[in-house]
Structures are given as structure tokens and as C-alpha cells.
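My numbering puts the first residue of the sequence shown at 1320, with every later residue one more than the last.
Below is one structure; the comments refer to it alone.
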Amino acid sequence: MKSQPIVGAAVFTAVMEAAGFRCQCEGECGNPHAKGGGRCPHEHDHYTSKHGRRVRLMAAPADPLATDVTAARLTASELRAWCSDCHGAAARLARKRLPAASTDQCGLFDL
């Protein structure tokens, strides 16, 4: 039996079964995943290597910048299985691709 969270186990299990208990990142993290055939090779409850750490996948939105409120409203079919490495890297890349915030205050403090 694979490990699962205490809360939301039904949604988590549905997402993991649809993903085959494997991370669904296909390069959104910036890694082409050449060894995994274009998809991240990390599997839930497996180890990253002989002396590596245990992988715990998460069910999260395909958009790594989705807000918590948006993510909470998604159904299992709208979630993806992510390893923490890919999800974190995908979020960093997505934030870098956002347009730069305007430094213009639109005359807010002009006298």
C-alpha cells in the first residue's frame, strides 16, 4: 500500500492513480527529463537513487502559481502529481516569466 495523506486521501489517490504514481512534470521545471522519456522519473514512495531520499508526490494544480483558493476549488481531474523538486522549480520559472512589476506609482505621491 502506498502512503497517502490523512486528509483528502480520496482526491490524492485519484490523482496518483491517474498519473501511475509518477510525477507528471514534462519539462515545466526546466529539466528535459531525458532519462525518463520526457517525463520526470520520480515515483511515489520510491527513492531518488540507491542512497537518495524518499520521494513523496503531491497533488497540485498544473499551474504552479495557482492561489490556494483556486487550488482548493479544483477537482481531481484538474490536479497533477508533482514531486517537490519539479513543483518548486516550475514555480520559480513561472515567477521569472511574469512581467516585471511596474515601479511607476502613477503620481500617487507626486505633490
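A virtual CB, placed ideally from N, CA and C, is assigned to each residue, including glycine.
Neighbourhood of residue 1349 by C-beta distance below 7 Å, restricted to the same chain and skipping five residues each side:
1408 and 1412
Proximity below 8 Å, CB of residue 1401 to CB of residue 1420
no
Can you say whether residue 1363 is buried or exposed, counting buried as having 16 or more other CB atoms within 10 angstroms of its CB?
buried
Among 1375, 1406 and 1383, which residue has its Cα nearest to the Cα of residue 1323?
1375
How big is the Cα-Cα spacing for residue 1432 and residue 1321?
Lying outside 1320 to 1430, the shown extent of the chain, residue 1432 is not represented and no answer is given.
I need the DSSP call for residue 1416, collapsed to helix, strand or coil.
helix
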